[in-house]
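Using the working numbering, you'd call the opening residue of the sequence shown number 229 and step up by one each time. Each residue gets a CB set at the ideal place from its N, CA and C atoms; glycine is no exception. Encoded as structure tokens, the structure appears first; notes follow it.
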Amino acid sequence: MSRNSEKEAVQQLLGSSQDKNEMSRKSQQKRDLKMWSDISLPISLKDSLARLTKDDLSQIRRHYQITGVSQLKKGDLIEVLQSKIPDLVDTLFLTIDQERYEMIQKALRHEGVVVEPNLTNNQMEYFRNCGILFPGMNNGKKVLAMPEEWVKILGSHTDQSKWKPIIRRNTEWIKLTHGLLYYYGSLTLRELLAMLKKYTKKEVPVSDYLSVIDHAHFYYEQIMINDEFFSNIRVLDPNRVKIEHQKRKSLDFYPFSKEQLIKAGEPNFVDRNESYQRFVQFLRQNYEISREDADSIAEECQFAIRIGEGPGDILRYLHTMLEFEGFDTINACMEKIVHLMNHTREWFLKGYTPNELMQVEKRYLQPSPIQKNNVVDIQSRRKIGRNEPCPCGSGKKYKKCCGK
């Protein structure tokens, strides 16, 4: 291909990409306008549903697995959902965790309205797909509105003790799953279930677990699920992670405590260990940047290490963010990068840091202690009997000397 042809191809590619980005931006704007249209309060379930598109209503239908109504027109589908949703309160609580439960309780405490909810658009769509909280604008403020029917139903359930054990179980499953995938990258369903059983000390029903994780996957956007693996959202190639795991079949996954995994399962968790903090401090001391910016750079470097990037790759990334004044600065930076690499828990290493793995391998490579009843004479290459002269030359029987 000629240089002019290459240039034209690149321009076409860039133009196509820009067109797609523009279409995506306009599509998002449309969704936002629809989501944040004016809403009157209080609102009934029927009026809440009437605000939605047929596709939105179908999402609610699928959420509650209501069958046999997919071909109905919008008005008829609204009637079906309006009649069925209030009877599905127990179904709703089978899959939610503590965070979502608290958002519902917050709405109940404020007459069915949450003003300026601190949620992502995706999380608000989740509540809308449950048919329980609907986003809109009221008096110039963003709100999540709970239909009057839900307020009445949930308000009458003064004894909610039957839901709380399920919500605690779901919360534990979700945080442990997020934590395991944060440190290990990708796991099969079988591996996940075995680990959850180990940490919860209970059997994990597959169907219940999959339902809970599927809902959490949509709400938190922390993991990816495909036919073979469950992965952390930032894993670029789950297959490569599992290939690296297979290369270390004899190595157990790093034995994290339950508390470590629960902590790592919190949204937006970053493992800011001592090496990480040293790197942040180095960046702030040598460059006029805020702690937030330094932390952001360190987090990206840590991520690059997790996906197997080398020190040269990380240095090139840093070169796009920072100006290196000379070799002394580069060498000092490289020293911090290497230290960070040696103390970062890697997906390919089953959650170990390179330093930890080196110590494990040293233990396995050390020769086993010599068993006193299995000593071999170096010269004759023959096993020494207990009543034979000791090969050390003492003149004593082996059992009275080195064989004691």
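Using only CA atoms, which one of the options lies nearest to residue i?
i, options, result
"Ser414", "Trp378, Leu438 and Arg468", "Arg468"
"Arg290", "Ile313, Ala278 and Val371", "Ile313"
"Leu479", "Leu511, Leu577 and Val498", "Leu577"
"Ile471", "Glu456, Tyr482 and Pro433", "Glu456"
"Phe484", "Lys262, Gly493 and Lys334", "Gly493"
"His571", "Cys529, His547 and Thr548", "Cys529"
"Glu553", "Asn501, Glu330, Tyr515 and Ser524", "Tyr515"
"Asn366", "Lys475, Ile332, Ile271 and Glu502", "Ile271"
"Ser644", "Ser286, Leu372 and Arg397", "It is not possible to answer for residue 644, since the shown part of the chain is limited to 229 through 632."
"Val588", "Ala278, Phe481, Trp575 and Glu330", "Phe481"
"Val224", "Phe510, Ile306, Glu419 and Met331", "The requested residue 224 does not occur in the structure, where the chain is confined to residues 229 to 632."
Rounded to the nearest angstrom, what separates residue i and residue j at their Cα positions?
i, j, result
"Lys486", "Leu585", "21 Å"
"Lys302", "Lys282", "6 Å"
"Gln488", "Ser265", "43 Å"
"Pro345", "Thr399", "21 Å"
"Lys429", "Val317", "29 Å"
"Tyr427", "Asp465", "27 Å"
"Ile451", "Pro495", "11 Å"
"Leu417", "Phe458", "7 Å"
"Thr348", "Val432", "30 Å"
"Tyr580", "Leu424", "19 Å"
"Gln388", "Leu336", "13 Å"
"Val297", "Tyr354", "21 Å"
"Val343", "Gly368", "11 Å"
"Glu327", "Ile402", "11 Å"
"Leu280", "Lys370", "17 Å"
"Asn615", "Glu502", "58 Å"
"Ser276", "Glu376", "10 Å"
"Asp442", "Thr405", "12 Å"
Do residue i and residue j have their C-beta atoms within less than 8 Å of each other?
i, j, result
"Thr319", "Tyr292", "yes"
"Ile360", "Trp378", "yes"
"Ala526", "Ile542", "no"
"Ile535", "Gly407", "no"
"Leu568", "Tyr504", "yes"
"Lys564", "Phe507", "yes"
"Met374", "Met263", "no"
What does residue i pair with, by DSSP beta-bridge criteria?
i, result
"Ser311", "Partner(s): none; Ser311 has no beta bridge."
"Ser268", "Per DSSP, none; premise fails for Ser268."
"Phe362", "Ala373"
"Leu415", "Phe458"
"Ile294", "Paired residues: none, contrary to the question."
"Met452", "Ser459"
"Val342", "Leu372"
Inside the segment 464-548 only - alpha helix (DSSP H) runs reaching at least 4 residues: 466-475, 486-492, 502-514 and 519-534
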